[in-house]
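Enquirer: Before we start, here is the structure in question, set down as structure tokens.
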Amino acid sequence: MRTTYGAIAAAIVIAATGSWWVVGDREQIASRILPPPARSPAVADRKIAADPFVEPQSSRVVTSADDALAPYASEKYQFLLTGMFEKPVDERLLLDALLERERIAVHLNTARQSHDDPVRRTIPDLQARVVEADGQIRALLHPTDYAAYELLKDSDIEQYQLGDYAAGISNVAPLSPADRRAILLTKLNYKRYFRQVLFDSGVLNPDLSPAEKQQAIAGISRALEEYKNSYLEEVRQYLFDDEQYALLRNYESSEFEAELAKLRSMAGG
14 MRTTYGAIAA AIVIAATGSW WVVGDREQIA SRILPPPARS PAVADRKIAA
64 DPFVEPQSSR VVTSADDALA PYASEKYQFL LTGMFEKPVD ERLLLDALLE
114 RERIAVHLNT ARQSHDDPVR RTIPDLQARV VEADGQIRAL LHPTDYAAYE
164 LLKDSDIEQY QLGDYAAGIS NVAPLSPADR RAILLTKLNY KRYFRQVLFD
214 SGVLNPDLSP AEKQQAIAGI SRALEEYKNS YLEEVRQYLF DDEQYALLRN
264 YESSEFEAEL AKLRSMAGG
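Residue numbering for the sequence shown is 14 to 282, as defined by the working numbering.
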């Protein structure tokens with residue numbers, strides 16, 4: 014992943030102040046990298062492209078941001094786009110819908126980071142458009158494929174880490190595309206459960222007493238360790254090369270330790 018997607022994902026890892034379990038890093042960093050496009054038609058307008066008598070291009074306004082986002086979205090969702098869909102999919106419409114969703118998400122986080130009141134007043138509309146964009150994607154996909162999309166849409170940092178690990182072992186024990194897909198989707202599945210535990214813990218609640226915060230951090234530490242162990246245990250069945258697995262375990266152990274330290278720092282613990 015050393016193309017457009019890799020460059021953006023690398024910037025996410027370098028510049029993000031949160032962690033891979035925090036929603037919004039992707040949009041925050043991408044919004045700094047990509048030029049702000051002129052407003053294109055709302056997601057609802059894309060329904061025009063579903064009409065067989067209308068060319069798909071007619072519902073889109075191509076901008077310089079689209080030029081940067083298109084390869085970014087293609088690489089980000091490559092494991093969805095190159096898989097076997099559970100039902101027939103118009104892949105051109107799907108990629109167009111994914112691109113639109115990414116573009117709106119970038120604008121949403123730009124608005125969230127802004128101190129300009131007129132810009133911040135666009136947040137509710139942008140939030141609604143993200144939901145609508147997700148609905149457009151859901152309409153194109155079988156529920157199983159949509160579940161894969163749900164995992165991938167906030168996976169930039171995990172994909173960067175996977176690319177970093179894969180590049181590091183490429184001369185020793187290279188990964189196949191199937192290996193990469195198995196590693197990524199397994200990790201994202203367990204990440205989803207961990208994030209729920211994290212948010213339920215209230216560890217970032219500033220009103221927690223020191224004792225409550227320490228108790229929350231202890232619980233999160235256990236959950237993070239369980240996340241790592243469960244993910245690596247499941248991935249083991251997909252990696253038949255012992256060296257690949259040993260190197261992945263070492264890489265992920267370092268990453269998880271760094272994230273726990275970051276979490277403790279953010280929580281003041």
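Where a beta carbon is used, it is the ideal one built from N, C-alpha and C, also for glycine.
Counting along the chain, where does the alpha helix (DSSP H) carrying Tyr206 start and finish?
Expert: From DSSP, the alpha helix (DSSP H) with Tyr206 extends over Pro190 to Ser214.
Enquirer: Whole angstroms is fine: what's the gap from Met279's alpha carbon to Leu221's?
Expert: Cα-Cα distance, rounded: 13 Å.
Enquirer: With a threshold of 8 Å, are at least 3 pairs of Cβ atoms found where one atom belongs to the stretch 260-272 and the other to the stretch 204-219?
Expert: No contact exists between the stretch 260-272 and the stretch 204-219.
Enquirer: Label Asp109 either buried or exposed according to how many other C-beta atoms from any shown protein chain fall within 10 Å of its C-beta, with 16 as the threshold for buried.
Expert: So Asp109 counts as buried.
Enquirer: Hey, would you say Lys200 sits closer than 7 Å to Tyr244, going by beta carbons?
Expert: Closer than 7 Å, so yes.
Enquirer: Could you name the residues of the same chain whose beta carbon sits closer than 6 Å to that of Ser214, not counting the 5 residues immediately before and after it, in chain order?
Expert: So the list reads Ala229, Gly232 and Ile233, once near-sequence residues are dropped.
Enquirer: Could you name the residues of the same chain whose beta carbon sits closer than 8 Å to that of Glu171, not counting the 5 residues immediately before and after it, in chain order?
Expert: Result list for Glu171: Trp33, Leu197, Lys200, Leu201 and Lys204, in chain order.
Enquirer: Provide the residue span of the alpha helix (DSSP H) that contains Phe98, from first to last.
Expert: Segment: none, Phe98 is in no alpha helix (DSSP H) and carries neither H nor E.
Enquirer: If you check the beta carbons only, do Ala161 and Leu106 fall under 7 Å apart?
Expert: In this structure, Leu106 does not lie closer than 7 Å to Ala161 by Cβ.
Enquirer: On the DSSP letters alone, give me the boundaries of the alpha helix (DSSP H) that Asn263 sits inside.
Expert: Residues Asp255 to Met279.
Enquirer: Between Leu82 and Glu115, is the Cβ-Cβ spacing less than 7 Å?
Expert: Result yes, Cβ atoms of Leu82 and Glu115 sit closer than 7 Å.
Enquirer: Count the other CB atoms, across all protein chains shown, that sit within 10 Å of the CB of Asp130; report buried if there are 16 or more and exposed otherwise.
Expert: Asp130 is exposed by the Cβ-count criterion.
Enquirer: I need the DSSP call for Gln126, collapsed to helix, strand or coil.
Expert: The answer is helix: DSSP assigns Gln126 an H, G or I state.
Enquirer: What's the C-alpha gap between Ser267 and Tyr178?
Expert: About 12 Å.
Enquirer: Spatial neighbours of Val248 within its chain, please: C-beta separation below 8 Å, excluding the five flanking residues on both sides.
Expert: Contacts found: Ala195, Ile196, Thr199, Lys200, Tyr258 and Leu261.
Enquirer: Buried or exposed, going by whether 16 or more other CB atoms sit within 10 Å of the CB of Phe66?
Expert: Because Phe66 carries a pLDDT of 28, less than 50, the predicted location of this residue cannot be relied on, and no value is offered for it.
Enquirer: What distance in whole Å lies between the Cβ atoms of Leu237 and Leu273, which are believed to be in contact at a cut-off of 8 Å?
Expert: Rounded, the Cβ-Cβ distance is 6 Å, consistent with contact.
Enquirer: Please classify Val56: does DSSP put it in a helix, a strand, or coil?
Expert: Residue placement at Val56 cannot be trusted, given a pLDDT of 32 that sits under 50; the coordinates are not used to answer.
Enquirer: Should Ser71 go down as buried or exposed, given a rule of 16 or more other Cβ atoms within 10 Å for buried?
Expert: Residue confidence for Ser71 is low, a pLDDT of 29 falling below 50, so the modelled location carries little weight; the figure read from the coordinates is stated next. So Ser71 counts as exposed.
Enquirer: Using CA coordinates, which residue listed in Ile150, His155, Val143 and Pro137 is at the minimum distance from Glu283?
Expert: Residue 283 is absent from the model: the chain starts at 14 and stops at 282.
Enquirer: For Leu165 and Val185, I'd like the C-alpha separation in whole angstroms.
Expert: If you take the alpha carbons of Leu165 and Val185, they lie about 28 Å apart.
Enquirer: Could you give the residue range of the alpha helix (DSSP H) that holds Asn242?
Expert: From DSSP, the alpha helix (DSSP H) with Asn242 extends over Pro223 to Arg249.
Enquirer: If you measure between the beta carbons of Val143 and Ala118, is that distance less than 7 Å?
Expert: It is a contact, given that the beta carbons lie within the stated cut-off.
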